[in-house]
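S.K.: Handing you this structure, nothing more for now.
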Amino acid sequence: MRAIILGIGNTILSDEGVGVHAAEALRAAYALPEGVEVIDGGTAGMELLDPLAGIDLLLVLDAVKAKRAPGTVICLVGKEVPVFFRSKLSPHQVSICDVLASLEFAGDPPKDLVLIGCEPLSLELGTELTPTVAEKVPEMVAAAVEQLAARGIKLEPCQDIVEAAPPPGRPKAGPVNGLRAERAEVTPSLGEGVGG
Amino acid sequence: MGQRITIDPITRIEGHLRIDCEVDGGKVKKAWSSGQMWRGVELILLGRDPRDAWAITQRICGVCTTVHAITSVRAVENALKMEVPLNAQYIRNLIILAHAVHDHIVHFYHLSALDWVDVVSALKADPDATSRLAESLSSWQGNGKFEMRAVKERLKGFVDGGQLGIFTNGYWGHPAMKLPPEVNLLAVAHYLQALDVQRKANKIVSILGSKTPHIQNVAVGGVSNAISTDSYSTLGVERLLAIKGWIDELADFVKNVYLIDVAAVGAFYADWTKYGAGVTNYLAVPDIPLDTKGTQFALPGGYIANKDLGSFKPIKTFNDDFWAKGVEESSKHSWYEGSKALHPYKGETKPQYTDFKDDGKYSWLKSPTFYGKPAQVGPLSRVLCMLAAGHEPTKKYATAALDTVSALAKTKVGLDAMHSTIGRHAARAVSCAVQVDMLADQWQLLVNNIAKGDVTTFNKPVFPKGEIMGQGYHEAPRGALSHWVVIDNGKIKNYQCVVPSTWNACPRNEKDEPGPYEASIADNPIADPERPLEVLRTVHSFDPCIACAIHVTDTENGSAITVKAK
Chain A
1 MRAIILGIGN TILSDEGVGV HAAEALRAAY ALPEGVEVID GGTAGMELLD
51 PLAGIDLLLV LDAVKAKRAP GTVICLVGKE VPVFFRSKLS PHQVSICDVL
101 ASLEFAGDPP KDLVLIGCEP LSLELGTELT PTVAEKVPEM VAAAVEQLAA
151 RGIKLEPCQD IVEAAPPPGR PKAGPVNGLR AERAEVTPSL GEGVGG
Chain B
197 MGQRITIDPI TRIEGHLRID CEVDGGKVKK AWSSGQMWRG VELILLGRDP
247 RDAWAITQRI CGVCTTVHAI TSVRAVENAL KMEVPLNAQY IRNLIILAHA
297 VHDHIVHFYH LSALDWVDVV SALKADPDAT SRLAESLSSW QGNGKFEMRA
347 VKERLKGFVD GGQLGIFTNG YWGHPAMKLP PEVNLLAVAH YLQALDVQRK
397 ANKIVSILGS KTPHIQNVAV GGVSNAISTD SYSTLGVERL LAIKGWIDEL
447 ADFVKNVYLI DVAAVGAFYA DWTKYGAGVT NYLAVPDIPL DTKGTQFALP
497 GGYIANKDLG SFKPIKTFND DFWAKGVEES SKHSWYEGSK ALHPYKGETK
547 PQYTDFKDDG KYSWLKSPTF YGKPAQVGPL SRVLCMLAAG HEPTKKYATA
597 ALDTVSALAK TKVGLDAMHS TIGRHAARAV SCAVQVDMLA DQWQLLVNNI
647 AKGDVTTFNK PVFPKGEIMG QGYHEAPRGA LSHWVVIDNG KIKNYQCVVP
697 STWNACPRNE KDEPGPYEAS IADNPIADPE RPLEVLRTVH SFDPCIACAI
747 HVTDTENGSA ITVKAK
């Protein structure tokens, strides 16, 4: 079974990016079984055609403007999802709708769809979530885990496992090469480093 | 006064664009292009580390994720007067070109072909005749009769199942649809094949960029790709060979399918060579640097005034004053304070919203000018500048495309036809063919350089005390993109992005001259004001993408696109 957990949203417009934050929270907290992948889709559109083609399950995490109280988490499944994207509730309806339409036409759409959304409080510029929405991220993650479990995908909490040994094909986060390590050293002391 | 048409939003694009037209006697008399969301990425960058700007700016947009990352590091490197290792230039060039090829294929087949192709009419096509037509035009292996029969069957199932509605706002059966059923079926077949091919371009970007969407491998001073010929975890022989395989597949499709399809559509819509010229001052920046300093480029750029190729003036280096001193932005008709045109280093972003005022402020986009004139950017500008610069590969593909159009239309179609709505599509295909060859060239240059033993990919930036400023430009798929940064004691003091869709979708400028969209829509015929397909054709021909020109927010105003004719 191939499943994609896709976080979408604009991470520089505060709560608009909640989908990406939730996807990253899920990635950090759980070990993913073979065939299950988390994608930070950001604001991407047609670039998602490739990863979303021919999969069994697409679980989307996104900011959702459904005129509910800010922080309300909603869950839609199956046929409700594309309808939802077409009715302009999601800020990303154009791209995701086009991606799904193209895949549908090509005979390659995800076999199953789940959308877990959170009503945003603020769409102002900013890289942080508002506290109202930030505290709902665990609820979104839990909802995602539950929906996956209902479809036979069981996620195990992963902190210890990652520390011990990263799963094959998924290198542990860390310096890619000398550059990252060097940057990490330089950044905190930039103020002093200025000169010369 | 005639009828007023408002299209809000324009669909099948990224971002939120509203177009207003005054229509009289079946023609557009006057047009307004309005960005409906406010951009403020500049504000979020103030006070930040310039080495982080690329990661933030690339989150502006979902269509051109790579381009802001690349332009941002170029701007900071320009401020620091840095050189970038050759390998880093080549790797960035490969990402730039793979992204451009991806963008152009997807734009034509998946985002704009539906303006010209009537999917429902394809059901009337004879698949065997479609195949014969296709095989007379090209040697592509996907044009056989069994393929065409299968596509028609699939399409029939799709339409019978009532699923066509997923394509928002397709104008099936519109009187302005002119392709014969066989050409429509061929286009549908290639739509599906393009869906498969575009993935190869995306794979190149994800291997080199470490992630897509939103690449992670650029850095001020180079790239973070480690190169080694004897490690599987770095950029090594295995990955390089995989990339070459994908480049070859892309080249086959672009030259034997895309370029020919565009010529065929152009031949059947030859009347559209008369519409949509708009602003014919053309601006393109050079790109695909071949040295560490950015003084030699594989892709030439410059400025053409009033469609006279003889007036071409090249932009030569990353430090070119002709470029850097010519750009200004006015907010006289934009929802920002002030009205005087300002240089981007002095640019201000202070919002001042009024309602939509036809003669006053009506857009969140500013209005950029080059030496006081509005300028069109994008593939048409790029191709015309490359032709003016005597670029041989561009001559080759432009001539081939025009010859195919002439043969199919049974009349001589010359370069002048390019100044039009359909000409922008043709230019995009020509540009794509040039760029897919360039992709192979850059791959070879990278491999040769690694073979010499050079594995350097990064020079470390050092930020001086005091104030410095720099600009970076990039010939993005949609045209000239530039970032302008002022850095004070190692922190960002001012940051302005002058994006391609701002050049093209801008409102009237300080002298009240219309921008390229506005000028190109004027005079377009309108067969049915309730279904203004013609306006969409012209606007879509620019490949609009205004998420970076403005921002993603407003979602509560209605359930679908509104076309108001009153």
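The listed protein sequences derive, respectively, from chains A and B. Its first residue numbered 1, the first sequence is counted upward by one per residue in my numbering. Its first residue numbered 197, the second sequence is counted upward by one per residue in my numbering. The beta carbon of each residue, even a glycine, is placed where N, CA and C say it ideally should be. This structure is a prediction, so every number in the text was calculated from the model and none was measured.
1. Within 10 Å of its beta-carbon, does B:Tyr549 have 16 or more other beta-carbons around it, so buried, or fewer, so exposed?
2. Would you kindly check if the distance between the Cβ of B:Lys512 and the Cβ of B:Ala629 is under 8 Å?
3. Could you check the C-alpha separation between B:Lys374 and B:Met344 for me, to the nearest Å?
4. Do you know how far the Cα of B:Phe654 is from the Cα of A:Pro131?
5. Strictly below 8 Å CB to CB, what residues from chain B border A:Thr72?
6. Does chain B have any CB closer than 8 Å to the CB of A:Leu125?
7. Apart from the five residues on each side of it in sequence, which residues of its chain come closer than 6 Å, Cβ to Cβ, to B:Val609?
8. Can you tell me the Cα-Cα spacing of B:Ser429 and B:Asp324, whole angstroms?
9. Consult DSSP for B:Asp220 and reduce its assignment to one of helix, strand or coil.
10. Give me the chain B residues within the contact set of A:Ile12, using Cβ-Cβ distance strictly less than 8 Å, ordered along the chain.
11. Quick check: the Cα distance between B:Phe304 and B:Ile203, rounded to an integer number of angstroms?
12. Mark B:Tyr454 as exposed unless 16 or more other C-beta atoms lie within 10 angstroms of its C-beta, in which case mark it buried.
13. Can you tell me the Cα-Cα spacing of B:Thr425 and B:Asp444, whole angstroms?
14. In chain B, which residues lie with their C-beta within 7 Å of the C-beta of A:Thr130?
15. List the residues of chain A that B:Val269 touches, going by C-beta distances under 8 Å, in chain order.
16. Which residues does DSSP list as the beta-bridge partners of B:Leu677?
17. Roughly how many angstroms lie between the CA atoms of B:Gly222 and B:Pro721, to the nearest whole one?
18. Could you tell me how far apart the beta carbons of B:Asp467 and B:His386 are, in whole angstroms, since I believe they sit closer than 8 Å?
19. From B:Leu658 to B:Val419, what distance separates their C-alpha atoms?
20. Compare the C-beta of B:Val302 with all C-beta atoms of chain A and state if any pair is closer than 8 Å.
21. Rounding to the nearest angstrom, what Cα-Cα distance links B:Ala605 and B:Ile618 in this structure?
22. What residues of chain B sit near A:Asp40, judged by a beta carbon separation below 9 Å?
23. Figure out for me which residue from B:Arg727, B:Leu276 and B:Glu218 has the closest Cα to the Cα of B:Lys489.
24. Do B:Ile688 and B:Ala249 have their C-beta atoms within less than 8 Å of each other?
25. Run through DSSP, which three-state label would A:Glu80 get?
26. Can you tell me whether B:Gln359 is buried or exposed, with buried defined as 16 or more other CB within 10 angstroms of its CB?
27. Expressed to the nearest angstrom, what Euclidean distance is found between the alpha-carbon atoms of B:Val461 and B:Gly441?
28. Counting only Cβ-Cβ distances shorter than 7 Å, please list the residues of the segment 332-354 of chain B near chain A, keeping chain order.
29. Checking contacts by CB at 8 Å: is A:Ser122 closer than that to chain B?
30. Which same chain residues end up closer than 6 Å to B:Asn413 when comparing Cβ atoms and leaving out the 5 residues on each side of it in sequence?
31. In whole angstroms, what separates the C-alpha of A:Val99 from that of A:Leu58?
32. Name the chain A residues that come within less than 8 Å of B:Arg395, Cβ to Cβ?
33. List the DSSP bridge partners of A:Cys75.
34. Check whether the Cβ of B:His679 lies closer than 8 Å to any Cβ atom in chain A.
35. Counting along the chain, where does the alpha helix (DSSP H) carrying B:Ala605 start and finish?
36. Using only CA atoms, which one of B:Glu218, B:Arg214 and B:Leu213 lies nearest to B:Gly198?
M.R.: So, from the data block:
1. exposed
2. no
3. 20 Å
4. 39 Å
5. Here the premise fails: no neighbours, minimum Cβ distance about 15 Å.
6. yes
7. Leu598, Val601 and Ser602
8. 49 Å
9. strand
10. Val237, Ile240, Ile252, Arg255 and Ile256
11. 21 Å
12. buried
13. 22 Å
14. None at all; the shortest Cβ gap to chain B is about 15 Å.
15. Neighbours of B:Val269 on chain A: none; closest Cβ ~13 Å, over 8 Å.
16. B:His670
17. 6 Å
18. No, B:Asp467 and B:His386 are not in contact; Cβ-Cβ is about 23 Å, not under 8 Å.
19. At residue 658 of chain B the sequence reads Val, which differs from the Leu that was named. C-alpha separation (whole angstroms): 16 Å.
20. yes
21. 14 Å
22. Lys407, Pro409 and His410
23. B:Leu276
24. yes
25. helix
26. exposed
27. 29 Å
28. Arg350 and Phe354
29. no
30. Gly405, Ser406, Val419, Ser420 and Asn421
31. 12 Å
32. Leu49, Asp50 and Ala53
33. A:Ile116
34. no
35. Glu588 to Ala605
36. B:Glu218
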